[in-house]
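Take a look at the structure below.
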Amino acid sequence: MVDAVAKAPRQAGGIRRFIERYPFVPALVIMLVLLALNGIWQPRSVSLVGITGLVKTYLALMLLAVAQTYVVYAGDIDLSAGAIVSLVNVVIVAFMAAMGGSAFSVIGAMAIGLGVGLACGIVNGIVVAAFRLQAIVATFATSIFFTGLALYVMPVAGTPAPATFWRTFGARYFEIPFVFYAAVLLAVILSLLARTRLSLQLLAVGDDAQGAYQSGLPVTAIRIRGYALCGLFAALAAFCVTGDTASGDPLVGGKMTLFSVAAVVLGGSALAGGYGTVVGSVFGALIIGLINSLVYFVGTPSEWQNLVQGLAILVALVAGILIGRRARA
Amino acid sequence: MAKLKISGVSKAYGATVALSRGDLELEAGEVHVLIGSNGSGKSTLCKIVAGSVKPDAGEVLLDGKPVTVSGPQAAKALGIGIFYQELSLAARRTVEENICLPDLPMRGPFVDRRALSEKAARYIALFDGVTGGGFAADATVDVLRADQRQLVEIMKALATEAPVLIFDEPTSALDRAQVDRFFEILRRLKAEGRAMVFISHRMDEIFAIGDSVTVLRDGRTVGTSRIADTTPAEVVRLMVGEEQAQAAPAAAAETVKTDGAGPVGLAVSALAGPGFAGVSFAVRQGEILGFGGLHGQGQSSVLRALFGALPLAAGAVTLKGGAYRPHSPRAAIRAGLAYVSGDRGRDGVIQGRPILENVTPIHFLRNRLTLARPGPLRDKATPAVEALHTRFAGFSHPIGSLSGGNQQKIVIARWLIDRPDVLLLDDPTKGIDLSAKADLFALVRKLAAEGMAIVLYSSEDAELLANSDRILVFNGGRVTRELAGADRTRFNLYEAAYEAA
Amino acid sequence: MNAVLDLLKRPLVVALALILLLLVVGELLSPGFASPTQIMRLLIVAALLGIVAAGQNLVILGGREGIDLSVGGVVSLSAIIAGNLMNGQDAGIPLAIIGCIATGALFGLANGLGVTLLRIPPLVMTLGMLGVLQGLLVVIRQGIPSGRAAPGLSQFVTQPFLFGLPGIIWLWVAIGVLLALLLSRTVYGHRVYAIGSNEQAARMAGVPVAAVRVSLFVLSGVFAAIAGICLLGYSGSSFANVGEQYMLPSIIAVVFGGTSLAGGKGGYTGTMAGAMMLTVLTAILTTVNIDESGRQMIFGATLLALMLFYGRGRAMRA
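Protein chains in written order, with my numbering: chain A, 1 to 329; chain B, 1001 to 1501; chain C, 2001 to 2318.
The following block contains the structure:
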């Protein structure tokens, strides 16, 4: 019954296999090219100061893209991620302000912030996975609810964060900026998380939820955990936003949601689930940042900048998907 | 005491009864064969035991104690492992990850990659030498061939080390060497005292590996016996039922009359495409040409390629004397071709829509209509639907309200409003009931008698023998034998199908 | 009893009942809420959302995770273009309509081609397009003076026209009737449902799947453009990102109208009720005397509660 015609095996070529294993490679290449272009137009942008500025501004988006990636792994989406950032931002700023801004209050605020992010994530998970609502509309509804909570905590923007908080975020230790320590810590956490059972299970659920269920995986619980993880990373993103803006704003994260989705796609993950990496999403966030700065450096007139950025991101999204598909075909 | 005893389980999906009364008694240390035609309820019975389908009624006893299999997780905990016919693999994950997915080896909070590789390697080693090219522990499943994926699902089921193992058609894509190896493993597990259920459509396999056999027909268990005490003929008789066993020869006699010698309707030469090569044949108007052979030997691919649904690599096609190049189903329909797929859920039925909308799309295309006025459409559709004796409450009812057989009749009725010149039937009776089959074949013979050129692929040999004027036997993507006239016997068909290509 | 239960399962019936209930609640909370003039105002606001949702509805019906996140951007762009082309003069209205619809169709076409030819997931394609549209808005606002609505347009949207109702409500009704006929009485409509329900089966039945899908995105752009023109008439002048508020609500209106996000199931009549329901709900929350935070929390929680009525996913174990 074996026949060369009927069962011609698909050749697993070297590049194909490489990209299959490291789906973030196209994103990495695009990122490096953008970095080089930034350097050509503005040599200072690739200096330590320039890179520090980039990381400092986009660390929050990197973290939020990572947050989004964990739900995208399982084929879900979280349109409330930005609202969680806003909520955690105002909660920790309000708490620190109430406690007088001591170092102790900062640590307490961060613990509370992580708790709030986790709780929001679990609510999303229950609504989407246990109640079986469509992720897009359900997390949009929770985003309105979380925004309402944020407005309750802090009706208007402007409460300053204590100096200890944002000074630390902008500080240098042993000549190295704090954000680099944060980035290294992030890399360590991500590599540890990649080795957990949850990462593998989320990907398996996103690949084929019915198959995963039939294999005996607790699909609902896994998806809820994915949302919980998303909430935690959104809280971390909120810490960075707070460090960067040094104040509380109940609407600060709203615009970040769609960028986090774009960063995930730019990073080579499939929105349908089952395929992707968190590292890619980090690169995706940096690609967005580098496009924005490049558009500025090449001297685009200010009113045209948004359009050029929008076009460049659209082109990068489409190109990323096409390259990824090509490499795997 | 039986290891596993299932009594009186049933399951209905809306109006469709998938299983009306399933009984099964499985002993430790045996391979228990479950057999029945498509749609007889075998898979449903297995899925109930494995927890992925919730039964409406019935009882499951494990080691004599009544148990509730509340889900696949519960089944895992009870020691029941299963091979799913439709596979339960994550395509983007590697072979070793898939094998270990139900029970990942952990080291503290992390997946123990080394233990995972070692565990998977043990099961991969069982099939050493027969896995074929491109198979590797770290290859993702989506690059594997159908047979290799099936092996991974087998390894995954074996890795559960469950005392009760269910294999729902594990050999359908495997080659002889792979099947032999799998049977060696089953014999070893049998000696260890495991209880196994095995489903297959290949009679030789059943008698090679089975200890006892339970036959299902139309959703109920109709008999169980020791393999040693029965014969293939006896099993077939149980499968098809008393009346059917006698009805078949009569139908066959009738076909001889349809032997026509009209002009050639469809001619194909040196056709090649995904899964087939060097296929040449001609069908005359008024003739029914059968495609035979084991499942998945290229028959379906040839038909789909002719209809423009699969790309053709080489070859020439002549349709009613003119050159024809299939590049899309749309073009094929315009050229006068019709195609009926056995996988009506995938290729045929537009779920959730009214029956009328499911009958009319071809009519729209052939007549380049823009308006869909229900009144005139009903008038057009009524004779088409009645020609198949379709039972339905009204054209506005959703197609999902019909039984599988009647749904397929609606899909076929699509092609009867404006008659095509050539009808391609791709295993059209898969999973439909006997009376619907009879209605369908009566119509097919009538269409042939009226001058249509028909190609019929059927995975059921009896259907093929009873309804085709000539049979081309496919093996490994090529036509290996042509059976005509008195050569059209079950023996010749089996011999051609099973001989090594 | 069973008949009643069946009736309750029909999204349109649920939506209409909820609208009535909300109107009663609104009247109790704030007398005058359900007065004829108020209801007319609500209908105008609902029509704006409803027209955007018409295009969103079609794209979603077409399946394969169809969704259009760029509608809000097209609404804003159309409002600005219309304002500049008519600049307060009735004579400019025809040109404005043509210009806006052409622009909407163009962006819809780009989305549709990206989704079909390049096989980019609709969510990604339209999200990227939204970024482009937002950038374009900045350029246009800087380059040309902000325009004003022509008096005729404002009258059409806000003043009674026939039987005491303004023209926009008649326009909405006309769109509703046309879409109902298009979906149920034309071959095109059948094809939309077919590709949304089972794309493979549709292809095998000769449906030109890609062409139909592209046309749905084009229609979505056109409807968003029409809504943009009307929005200009409603507010008098165009301002930044007026359309953004329609992006996700247009999807919610479709879902509340009983259309499945999976495609192939639903229709526009329900969406009209969904748009009305969302509008009334928002209006109640603005009339009652609670602050913005409470309003948002109640709105979010109510949306979630309502979603439990509709299209819950299939259980893993059947």
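Note that the Cβ used here is the ideal one computed from N, Cα and C, for glycine as well.
In this text, all values refer to a predicted model and were calculated from it rather than measured experimentally.
Strand pairing of G1081 of chain B, partner residues [DSSP]: Residue mapping note: residue 1081 of chain B aligns to position 81 of the second sequence, counting from 1. G1081 of chain B is bridged to B:L1165.
Amino acids of chain B, ordered along the chain, whose beta-carbon sits closer than 7 angstroms to that of V2207 of chain C: By one-based count along the third sequence, residue 2207 of chain C stands at place 207. The contacting residues are P1361.
Reduced DSSP category for L2304 of chain C - H, G, I as helix; E, B as strand; rest coil: Position 304 of the third sequence, counted from the start, is the residue given in the question as residue 2304 of chain C. Helix, per DSSP.
CA-to-CA distance, Y73 of chain A to T2103 of chain C, given in whole angstroms: In the third sequence, residue 2103 of chain C corresponds to position 103, counting from 1. In the first sequence, residue 73 of chain A corresponds to position 73, counting from 1. So the alpha carbons of these two residues sit roughly 36 angstroms apart.
C1340 of chain B - DSSP class collapsed to helix/strand/coil: The residue given as residue 1340 of chain B occupies position 340 in the second sequence. Here residue 1340 of chain B is Val; the residue named in the question, Cys, does not match the sequence. The answer is strand: DSSP assigns V1340 of chain B an E or B state.
Straight-line Cα distance separating E1386 of chain B from G2266 of chain C: Locating residue 2266 of chain C in the third sequence gives position 266, where the first residue counts as 1. Locating residue 1386 of chain B in the second sequence gives position 386, where the first residue counts as 1. In a straight line, the C-alpha of G2266 of chain C is about 30 angstroms away from that of E1386 of chain B.
Straight-line gap, R2149 of chain C to T2158 of chain C (C-alpha atoms, nearest Å): As a position in the third sequence, residue 2149 of chain C is number 149, starting the count at 1. As a position in the third sequence, residue 2158 of chain C is number 158, starting the count at 1. Note that residue 2149 of chain C is Ala in the sequence shown, not Arg. Roughly 12 angstroms separates the two Cα atoms.
Neighbour-count burial assignment, P155 of chain A, 16 or more Cβ in a 10 Å radius: For the purposes of this step, residue 155 of chain A is identified with residue 155 of the first sequence, where counting begins at 1. Looking at its Cβ environment, which holds fewer than 16 other Cβ atoms inside 10 Å, P155 of chain A is exposed.
Residues that G2264 of chain C contacts on chain B, provided the C-beta gap is smaller than 7 angstroms: Sequence index remark: in the third sequence, residue 2264 of chain C carries index 264 (1-based). In chain order: G1352.
C-alpha gap between V1411 of chain B and T1016 of chain B, whole angstroms: On the second sequence, residue 1411 of chain B is found 411 positions in, with the first residue counted as 1. On the second sequence, residue 1016 of chain B is found 16 positions in, with the first residue counted as 1. Cα atoms of V1411 of chain B and T1016 of chain B: separation of roughly 17 angstroms, rounded to the nearest angstrom.
Contacting residues, own chain, Cβ-Cβ under 8 angstroms from V1235 of chain B (five flanking each side not counted): Counting from one through the second sequence, the residue named residue 1235 of chain B turns up at place 235. In chain order, I1035, M1203, I1206, V1213, V1215 place their CB closer than 8 angstroms to the CB of V1235 of chain B, counting only its own chain and leaving out the 5 sequence neighbours on each side.
Where T1370 of chain B falls, given that 16 or more other Cβ within 10 Å makes a residue buried: Position 370 of the second sequence, counting from 1, holds the residue named residue 1370 of chain B. Under this definition T1370 of chain B is an exposed residue.
Proximity of R1149 of chain B and L1087 of chain B at Cβ, strictly below 8 angstroms: By 1-based counting over the second sequence, the position of residue 1149 of chain B is 149. By 1-based counting over the second sequence, the position of residue 1087 of chain B is 87. Contact: yes.
Bounding residues of the beta strand (DSSP E) (the contiguous stretch that carries L1319 of chain B): Sequence index remark: in the second sequence, residue 1319 of chain B carries index 319 (1-based). Note, L1319 of chain B: beta strand (DSSP E), 1314 to 1319.
Alpha-carbon spacing of F239 of chain A relative to A327 of chain A, whole angstroms: As a first step, residue 239 of chain A must be located in the first sequence, where it is residue number 239. As a first step, residue 327 of chain A must be located in the first sequence, where it is residue number 327. Rounded to the nearest angstrom, the gap between the Cα atoms of F239 of chain A and A327 of chain A is 37 angstroms.
Cutoff 8 angstroms: T147 of chain A Cβ touching any chain E Cβ: You won't find chain E in this structure, because its protein chains are A, B and C.
Buried or exposed by the 16-neighbour rule on C-beta atoms within 10 Å, applied to K1446 of chain B: Here residue 1446 of chain B is taken as the residue at index 446 of the second sequence, counted from 1. Exposed, by the Cβ-count rule.
G254 of chain A vs V71 of chain A beta-carbon contact at 8 angstroms: Position 254 of the first sequence holds residue 254 of chain A. Position 71 of the first sequence holds residue 71 of chain A. For G254 of chain A and V71 of chain A, no; Cβs fall outside 8 angstroms.
Beta-carbon neighbours of P177 of chain A, restricted to chain C and to distances below 7 angstroms: For this step, residue 177 of chain A is matched to residue 177 along the first sequence. What P177 of chain A touches in chain C: nothing, since even the nearest Cβ is about 30 angstroms away.
Identity of the residues DSSP links to I1035 of chain B by a beta bridge: The residue given as residue 1035 of chain B occupies position 35 in the second sequence. Bridge partners of I1035 of chain B according to DSSP: B:V1215.
Contacts that L1493 of chain B makes with chain A (C-beta to C-beta distance below 7 angstroms): One-based indexing of the second sequence puts residue 1493 of chain B at position 493. Against L1493 of chain B, chain A offers no close residue; the least beta-carbon distance is about 15 angstroms (beta-carbon pairs closer than 7 angstroms).
Test: M2316 of chain C CB closer than 8 angstroms to a CB of chain A: Position 316 of the third sequence, counting from 1, holds the residue named residue 2316 of chain C. For M2316 of chain C, the closest Cβ of chain A is nearer than 8 angstroms.
Contact with chain C by F1364 of chain B, beta-carbon distance below 8 angstroms: For this step, residue 1364 of chain B is matched to residue 364 along the second sequence. Output row for F1364 of chain B: interface = yes.
Neighbour flag for V5 of chain A against chain B, beta carbons, 8 angstroms: Within the first sequence, the letter at position 5 stands for residue 5 of chain A. With a pLDDT of only 42 at V5 of chain A, under 50, the local geometry of the prediction cannot be trusted, and the value read off the model is given with reservation. Yes, its Cβ sits closer than 8 angstroms to a Cβ of chain B.
Inter-stretch contact (C-beta, 8 angstroms, three-pair minimum) for the region 2276 to 2295 of chain C and the region 2013 to 2029 of chain C: With a cut-off of 8 angstroms, the region 2013 to 2029 of chain C and the region 2276 to 2295 of chain C count as touching, because enough Cβ pairs lie within range.
Residues of the region 2280 to 2300 of chain C whose Cβ lies closer than 8 angstroms to any Cβ of chain A, in chain order: Along the region 2280 to 2300 of chain C, the positions whose C-beta sits under 8 angstroms from a C-beta of chain A are D2291, E2292, S2293, G2294, R2295, Q2296, M2297, I2298, F2299, G2300, read in chain order.
Length of the line joining the Cα atoms of M2307 of chain C and R223 of chain A: What you label residue 2307 of chain C is simply residue 307 of the third sequence in a count that begins at 1. What you label residue 223 of chain A is simply residue 223 of the first sequence in a count that begins at 1. Spanning the two alpha carbons is a distance of roughly 19 angstroms.
Below-8 angstroms beta-carbon distance, P26 of chain A vs any chain B residue: Translated into positions along the first sequence, residue 26 of chain A becomes position 26. The beta-carbon of P26 of chain A is placed no less than 8 angstroms from the nearest beta-carbon of chain B.
Segment contact flag, the region 114 to 121 of chain A with the region 271 to 290 of chain A, C-beta cutoff 8 angstroms, min 3 pairs: Contact fails: fewer than three Cβ-Cβ distances are below 8 angstroms.
Proximity of A27 of chain A and G268 of chain A at Cβ, strictly below 8 angstroms: By one-based count along the first sequence, residue 27 of chain A stands at place 27. By one-based count along the first sequence, residue 268 of chain A stands at place 268. Yes, the Cβ-Cβ distance between A27 of chain A and G268 of chain A is below 8 angstroms.
Buried or exposed (CB count within 10 angstroms, at least 16 for buried), P1066 of chain B: In the second sequence, counting from the first residue as 1, residue 1066 of chain B sits at position 66. The residue in question, P1066 of chain B, is exposed, as its Cβ has fewer than 16 Cβ neighbours within 10 Å.
Exposed unless 16 or more other CB atoms sit within 10 angstroms - verdict on V1256 of chain B: Along the second sequence, one-based indexing puts residue 1256 of chain B at 256. Any reading at V1256 of chain B must be qualified, since the residue scores a pLDDT of 45, below 50, and its modelled position is unreliable; no value is offered.
Supposed contact pair Q42 of chain A and V261 of chain A - C-beta distance, whole angstroms, cut 8 angstroms: Here residue 261 of chain A is taken as the residue at index 261 of the first sequence, counted from 1. Here residue 42 of chain A is taken as the residue at index 42 of the first sequence, counted from 1. Between Q42 of chain A and V261 of chain A the Cβ distance is about 29 angstroms, and since that is not below 8 angstroms, they are no contact.
Cβ neighbours of K1042 of chain B in the same chain (closer than 6 angstroms, five flanking residues each side left out): Along the second sequence, read from residue 1 onward, the residue named residue 1042 of chain B stands at position 42. Around K1042 of chain B, the same chain offers L1034, G1036, I1199, L1216 as residues with beta carbons nearer than 6 angstroms, after the five sequence neighbours per side are excluded.
Pick from B:S1007, B:G1451, B:D1229, B:F1182 that is closest to A1125 of chain B, judged by C-alpha positions: Indexing the second sequence from 1 puts residue 1125 of chain B at position 125. With distances taken between Cα atoms, A1125 of chain B lies closest to B:F1182.
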